[in-house]
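Take our numbering: the final residue in the sequence shown is number 787, and no numbers are missing along the way.
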Amino acid sequence: MSYIEVSYPKRRGEEFYKMLKEQLELYTGGERDQTAVLANASSVLAQAFPEANWVGFYLVDAGELRLGPFQGRPAVTRIGYGLGVCGSAWKRCEAIVVDEVECFEGHIACDCNTHSEIVVPLKSDGEIWCVMDMDSVIPSHFTEEDRAGLEGCLDRLLRR
Ligand code: SME
């Protein structure tokens with residue numbers, strides 16, 4: 628399989644998220660291995676969001692979040708329940724959009740260049756099994772449209 632570069636619309640609206648969904652399906656659909664799926668999903672997301680300086684997954688494991696496949700600089704490997712943006716999204720069972728990470732109490736800094744962040748929990752059989760985390764160097768980079776769009780695209784990445 629060779630990767631064919633796609634050019635996403637500048638505005639992250641309906642068309643953008645339709646393309647992202649297709650790309651995720653193309654590079655993860657039919658694969659059974661969890662690591663392979665999340666590795667390709669993080670790559671697809673990084674291509675779609677060139678302004679993201681980190682994108683990847685943390686998996687629920689024995690009561691905490693454990694670092695999974697990602698693109699970006701090395702990151703914290705374990706995050707406790709309710710801690711940081713990732714642990715908070717897990718605890719609240721909902722996506723969190725952070726306009727300026729310095730203003731989020733308890734934010735865990737991995738890359739000092741990060742300004743904004745979005746974390747989307749993924750569910751399988753009604754249970755959160757993983758969270759997708761994306762950081763941007765641009766303040767207020769992620770919107771409610773991104774939250775809805777990403778939720779819609781990522782809900783097919785089921786626990787293998
Ligand atoms: N900022 C996250 C930690 C993970 S890194 O951004 C990759 C948090 O506060 O949970």
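Note that the Cβ used here is the ideal one computed from N, Cα and C, for glycine as well.
Given residue i as reference, the closest of the options once Cα atoms are compared
{"i": "SER751", "options": "VAL764, ALA736, LEU785, CYS780", "result": "LEU785"}
{"i": "ILE723", "options": "ILE765, GLU691, MET761", "result": "MET761"}
{"i": "CYS739", "options": "ALA702, ASP660, PHE769", "result": "ALA702"}
{"i": "HIS734", "options": "GLU652, SER715, CYS720, LEU647", "result": "SER715"}
{"i": "PRO677", "options": "GLU732, GLU721, ARG783, SER634", "result": "SER634"}
{"i": "LEU653", "options": "TRP717, TYR630, ILE755", "result": "TYR630"}
{"i": "ASN667", "options": "LYS718, GLU732, THR655", "result": "THR655"}
{"i": "TRP717", "options": "LEU777, GLU732, GLY699, ILE755", "result": "ILE755"}
{"i": "GLY699", "options": "GLY690, ALA673, GLY776", "result": "ALA673"}
{"i": "ALA775", "options": "LYS645, MET628, GLY657", "result": "LYS645"}
Cut-off 7 Å between Cβ atoms - residues of its own chain near residue i, not counting five sequence neighbours on either side
{"i": "PHE697", "result": "SER669, TRP681, VAL682, GLY683, PHE684"}
{"i": "HIS742", "result": "GLU727, VAL728, SER763, VAL764, ILE765, PRO766"}
{"i": "ASP688", "result": "none"}
Burial state of residue i (16 or more Cβ within 10 Å)
{"i": "CYS730", "result": "exposed"}
{"i": "PRO636", "result": "exposed"}
{"i": "TYR708", "result": "exposed"}
{"i": "GLY779", "result": "exposed"}
{"i": "CYS720", "result": "exposed"}
Cβ neighbours of residue i in the same chain (closer than 6 Å, five flanking residues each side left out)
{"i": "GLU744", "result": "VAL712, VAL725, VAL728, ASP762"}
{"i": "MET759", "result": "PHE684, VAL747, LEU781"}
{"i": "ALA675", "result": "TYR635, LEU647"}
{"i": "LEU665", "result": "PHE684, GLY695, PRO696"}
Close beta carbons around residue i, own chain, < 8 Å, minus the five adjacent residues each side
{"i": "GLU772", "result": "ARG639, GLY640"}
{"i": "THR704", "result": "ARG693, LEU694"}
{"i": "GLU642", "result": "PRO636"}
{"i": "LEU710", "result": "GLY733, ILE735"}
Residue i Cβ short of 7 Å to ligand 3 heavy atom set
{"i": "CYS737", "result": "Of the ligands one can find in the structure shown, namely ligand 1, none is ligand 3."}
Presumed contact (8 Å Cβ cut-off) between residue i and residue j, rounded CB distance
{"i": "CYS757", "j": "LEU749", "result": "5 Å"}
{"i": "VAL671", "j": "LEU686", "result": "Incorrect: roughly 18 Å between the Cβ atoms, too far for contact."}
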